[in-house]
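When we follow our numbering, the leftmost residue of the sequence shown carries the number 356, and every step to the right adds one.
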Amino acid sequence: MFYLLATALSLAVLFLVLASASLLCLPGARLLLKMAGPATPRTRANLLFACRLLPLGLACTVTFGLALPSFLEFEPSSTKEGMGFRLMALAALGALVLLAMAMRAVNILRATRKAQQGWRERSEKIEMEAMRAPVYRVENGASLLAVTGIFRPAIFVAREITEALSQDELRAALAHETAHVLSFDNLKQLLLKITRAPRWLETFCNSDAEWTSASELAADHRALAEGASVLELSSALIKVGRLKRSPVPEAPVASHLVPSACSGSLESRVARLSEILEGAETASASARNGSHLLLAIAMCLAAYFACIHAVLPAVHEALEFLVR
356 MFYLLATALS
366 LAVLFLVLAS
376 ASLLCLPGAR
386 LLLKMAGPAT
396 PRTRANLLFA
406 CRLLPLGLAC
416 TVTFGLALPS
426 FLEFEPSSTK
436 EGMGFRLMAL
446 AALGALVLLA
456 MAMRAVNILR
466 ATRKAQQGWR
476 ERSEKIEMEA
486 MRAPVYRVEN
496 GASLLAVTGI
506 FRPAIFVARE
516 ITEALSQDEL
526 RAALAHETAH
536 VLSFDNLKQL
546 LLKITRAPRW
556 LETFCNSDAE
566 WTSASELAAD
576 HRALAEGASV
586 LELSSALIKV
596 GRLKRSPVPE
606 APVASHLVPS
616 ACSGSLESRV
626 ARLSEILEGA
636 ETASASARNG
646 SHLLLAIAMC
656 LAAYFACIHA
666 VLPAVHEALE
676 FLVR
């Protein structure tokens, strides 16, 4: 009974924190983006991604960092406490949320592997210098130019595109896809797809489209910072955007040069590149704030261990309210 009660409480707390944080994080994200002002595309993309995953992060932190430790610390292992309807209902909802995420992950990874295998079966590997991922030229790939895969990414480009672009334009387009690899955008895309709210909550779905647009702009800037030509990348975007695109399924995790879901942002991307070309804006390599992030994590961990023993009794009292 002890472990069954611990599991039920953990699932109930997970659901409660996830649901409440999800309602608060979207307005918070809008406010944070306004306070950030004219942020760089990479900063904007990172803020949107962090705000989207913040509810799940908070839910896991509260559940496994506070609720479960307080239960294990103060609840006797010989407890005979039963589970009321309220606790069972919340635990069932928590289990349902986790099951839905797991099923989404399996379906998305399966669809991604199937799409990658289908492209590779009708492709040939081409040699490109200084590439972080293998490049394959796909026969009958319509206007395909995308990087897929998470831990072993591969770039697929349709023969139609290789014939439409010059060598310099193709290198600039591939530099854009390499920027997605360096930023782990496919992994981020997978996490966003797994944790996406139901489609009838359009405001949350729109935030995912905003992240896609921001990540595409960030990849453009990073490609330029790595040495790609502004003129060649702009030309590649325009040429690929003019090609007739075949419908791409949403399920596979892939970062496209011109995503069909955000084709309307192509004009703004070309406009930003034009501003850089005219000198109104500069493209610089995004500063790595790894040391700042590690410092913040270290400070949070120090605060957690310093306050954990003082907080756990109050947390246990709150858990008793769920059990009663």
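Virtual Cβ for every residue (Gly too), placed ideally from N, Cα, C.
Specify, as a first and last residue, the run of the beta strand (DSSP E) that residue i falls within.
i	result
Ala-501	500–503
Ser-589	No beta strand (DSSP E) holds Ser-589; the alpha helix (DSSP H) holding it covers 585–597.
Ala-513	509–513
Taking the DSSP output, what are the residues bridged to residue i?
i	result
Glu-479	Arg-492
His-611	Ala-501
Give the range of the alpha helix (DSSP H) segment to which residue i is assigned.
i	result
Phe-429	423–429
Ala-485	Note, Ala-485: premise wrong, no alpha helix (DSSP H); not H, not E.
Thr-533	522–537
Arg-399	396–417
Check whether the Cβ atoms of residue i and residue j lie closer than 8 Å to each other.
i	j	result
Arg-441	Leu-677	yes
Ile-505	Leu-537	no
Pro-424	Cys-380	no
Ala-400	Ala-658	no
Phe-426	Ala-361	yes
Arg-627	Leu-592	no
Ile-510	Glu-524	no
Leu-500	His-664	no
Gly-596	Val-585	no
Ser-498	Ile-481	no
Leu-445	Phe-357	no
Ala-470	Pro-607	yes
Leu-656	Leu-364	no
Ser-589	Ser-629	yes
Ala-422	Leu-373	no
Glu-428	Leu-649	no
Ala-320	Leu-621	For the chain, the structure presents residues 356 to 679; residue 320 sits outside this window and is missing.
Ile-652	Leu-579	no
Going by CA-CA distance only, name the one from the options that's closest to residue i.
i	options	result
Gly-439	Ala-367, Asp-523, Gln-544, Leu-649	Ala-367
Ala-455	Lys-548, Arg-577, Ile-663	Lys-548
Ala-530	Glu-518, Arg-487, Leu-621, Ile-593	Arg-487
Arg-577	Val-595, Leu-598, His-535, Gly-596	His-535
Glu-494	Arg-507, Glu-479, Glu-484	Glu-479
Ile-463	Leu-421, Thr-416, Leu-369, Thr-550	Thr-550
Phe-539	Leu-520, Ala-609, Ala-583, Ala-528	Ala-609
Met-458	Met-356, Ala-422, Leu-546	Leu-546
Ala-527	Gly-582, Arg-624, Asp-563	Gly-582
Ser-377	Leu-408, Leu-448, Pro-396	Leu-408
Glu-333	Ala-485, Arg-465, Arg-492	As shown, the chain starts at 356 and ends at 679. That puts residue 333 outside it, with no answer to give.
Pro-508	Gln-522, Gln-472, Leu-520, Glu-518	Gln-472
Leu-359	Phe-404, Ala-447, Leu-667	Ala-447
Gly-412	Ser-375, Met-443, Asp-563	Ser-375
Leu-402	Asp-563, Asp-575, Val-666	Asp-563
Cys-406	Val-490, Ile-631, Trp-566, Thr-467	Trp-566
Ala-552	Ala-574, Leu-579, Ala-653, Val-452	Val-452
Ser-521	Lys-594, Ser-432, Ala-669	Lys-594
Glu-672	Glu-430, Thr-395, Ala-466	Glu-430
Thr-467	Ala-450, Ala-661, Thr-503	Thr-503
Gln-544	Pro-396, Arg-397, Phe-404	Phe-404
Thr-398	Cys-662, Val-670, Phe-660, Ala-574	Ala-574
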